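Residue numbers (my numbering), protein chains in the order written: chain F, 1 to 160; chain R, 1001 to 1160.
For glycine and all other residues, C-beta sits at the position ideal for the given N, C-alpha and C.
None of the values given here were measured: they were computed from a predicted structure.
The next block holds one structure in the form of structure tokens; read it before the comments.
Protein chains: 2
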Amino acid sequence: MKLASIVCILIVPATAFAWLAVAESPVAYPEGYRSWTHVKSSTIAPAHKGFETNGGFQHVYANPQAMTGYRTRAFPEGSVIVFDWLEMQQGETSFTEGPRRQIDVMVKDGKRFAATGGWGFQRFMKDSKTELAAAPTPEQCFACHDRLKKDGLVLGSYRP
Amino acid sequence: MKLASIVCILIVPATAFAWLAVAESPVAYPEGYRSWTHVKSSTIAPAHKGFETNGGFQHVYANPQAMTGYRTRAFPEGSVIVFDWLEMQQGETSFTEGPRRQIDVMVKDGKRFAATGGWGFQRFMKDSKTELAAAPTPEQCFACHDRLKKDGLVLGSYRP
Chain F
1 MKLASIVCIL IVPATAFAWL AVAESPVAYP EGYRSWTHVK SSTIAPAHKG FETNGGFQHV
61 YANPQAMTGY RTRAFPEGSV IVFDWLEMQQ GETSFTEGPR RQIDVMVKDG KRFAATGGWG
121 FQRFMKDSKT ELAAAPTPEQ CFACHDRLKK DGLVLGSYRP
Chain R
1001 MKLASIVCIL IVPATAFAWL AVAESPVAYP EGYRSWTHVK SSTIAPAHKG FETNGGFQHV
1061 YANPQAMTGY RTRAFPEGSV IVFDWLEMQQ GETSFTEGPR RQIDVMVKDG KRFAATGGWG
1121 FQRFMKDSKT ELAAAPTPEQ CFACHDRLKK DGLVLGSYRP
């Protein structure tokens, strides 16, 4: 019995660790994305429905591979696109940027993400590099992109 | 007389060309600024005064030298900052970017622009690389930056 207990102690943590690894985001936090190319922006202002929950600025950033994709509409492996959601603050003469709500990340990897059109999706909450959104799940992200797509899962285009 | 006419023909165009060169912007059009680092954004929405003339998005971009400046607040020679003004279009769920109104450019060159705090200023109209704004003049730009300054002529800061 003692030997069995020791074996259990050794096996259980290893199993737990493996489970944690699976639970981690398969999409890595996009380090340095703030210095990537700014693709375009939009805002959800007080005049718009959804302001309470999503009001603010949405900035899109792309790494060099994704910029090739925006030019050719064929996004190469390794393309990463970040959708950066910020709150909005009312200043005297303009709306300014507030705290970060979340970032949504898309990563092109045809093999790893074959089940979702070759793209991995993930939402990281606020400024956290590890806290993931409970919803939308990566599958929900994909389903919506797949429904809205025109010429691919990247819905927007580069604004010169 | 004939010889004098020929001399005039030769001299006048040369003089006109020199005058044009002087009239050109001492601040070069910032080629490639759309791939520089996006510093921050603001918007002037319909709720704000000035919407009619200046409504829309304002995006700030910085070249690598200027990014050093944003980190240290000591902007090295060659720093270039672009203030990109776009119109705003009302979409169903958000405001989206419209045509470009103008870009405002600041260039750090302590010798050439010693009279305006070491910075050259220029506004280029719409998408033109040559059409300059009649107003504000570079001197007017400087006067306002000089009046508003807190720790230098660069009024804003980098949003992480």
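Pairing E1097 (chain R) with S128 (chain F) gives a Cβ-Cβ distance that is not under 9 angstroms.
Listed in chain order, the non-local C-beta contacts of Y1033 (chain R) below 7 angstroms within the same chain comprise Y1061 and V1082, local neighbours out to five positions each way being set aside. Classified as buried, P138 (chain F) has 16 or more neighbouring CB atoms from the shown chains inside 10 Å of its CB.
Chain F has a Cβ within less than 9 angstroms of the Cβ of F1095 (chain R). Close to chain R, meaning a Cβ-Cβ distance shorter than 7 angstroms, is no residue of the stretch 76-90 of chain F at all.
It is roughly 25 angstroms from the alpha-carbon of V1039 (chain R) to the alpha-carbon of E1052 (chain R). At a Cβ-Cβ threshold of 9 angstroms, K108 (chain F) and Q58 (chain F) do not count as neighbours. Counting along the chain, P1064 (chain R) sits inside the alpha helix (DSSP H) bounded by residues P1064 to T1072. Of the residues F:G91, F:A114, F:R123 and F:G117, the one whose Cα lies closest to the Cα of I103 (chain F) is F:R123.
At least one C-beta of chain R is nearer than 9 angstroms to the C-beta of Q58 (chain F). Nearest CB-CB separation between S42 (chain F) and chain R: below the 9 angstroms threshold. Neighbours of H1048 (chain R) in chain F, taken as residues at a C-beta separation under 7 angstroms, are given in chain order as T93 and S94. Between R159 (chain F) and chain R, the shortest Cβ-Cβ separation is below 9 angstroms. DSSP lists no bridge partner for S1025 (chain R). Membership of H38 (chain F) in any alpha helix (DSSP H) is not indicated; the residue belongs instead to the beta strand (DSSP E) covering T37 to I44. Our two residues, L1155 (chain R) and W119 (chain F), have alpha carbons roughly 40 angstroms apart in a direct line. A Cβ-Cβ separation of about 6 angstroms places G1152 (chain R) in contact with R1073 (chain R) under the 8 angstroms criterion. For E1052 (chain R), the enclosing alpha helix (DSSP H) begins and ends at F1051 to N1054. Taking the Cα positions, N63 (chain F) is about 11 angstroms away from E31 (chain F). L86 (chain F) sits buried, since 16 or more C-beta atoms from the chains shown fall within 10 Å of its C-beta. In the structure shown, P1138 (chain R) adopts helical secondary structure according to DSSP, grouped into three states.
In this chain, L1155 (chain R) is not harboured by any beta strand (DSSP E), its DSSP state being neither H nor E. Inter-residue distance for E1077 (chain R) and D1146 (chain R) is about 19 angstroms (C-alpha atoms, whole angstroms). Each residue's CA atom was taken as its position, placing T1093 (chain R) and H48 (chain F) some 6 angstroms apart. Taking a beta-carbon distance threshold of 9 angstroms, T130 (chain F) does not count as an interface residue toward chain R. Any Cβ of chain R closer than 9 angstroms to the Cβ of S35 (chain F) would place that residue at the interface, and such an atom is present. With a contact defined as Cβ atoms closer than 8 angstroms, P46 (chain F) and G56 (chain F) miss out at about 11 angstroms. Interface with chain F (9 angstroms Cβ-Cβ cutoff): M1125 (chain R) is excluded.
Listed along the chain, the chain F residues whose CB falls inside 7 angstroms of the CB of A1066 (chain R) amount to none; the nearest CB is some 12 angstroms away. Taking 9 angstroms as the CB threshold, H145 (chain F) stays off the interface with chain R. Measuring C-alpha to C-alpha distances from M1125 (chain R) to each of R:G1091, R:R1100 and R:R1112 identifies R:R1100 as the nearest.
The Cβ atoms of F121 (chain F) and V105 (chain F) sit closer than 9 angstroms to each other.
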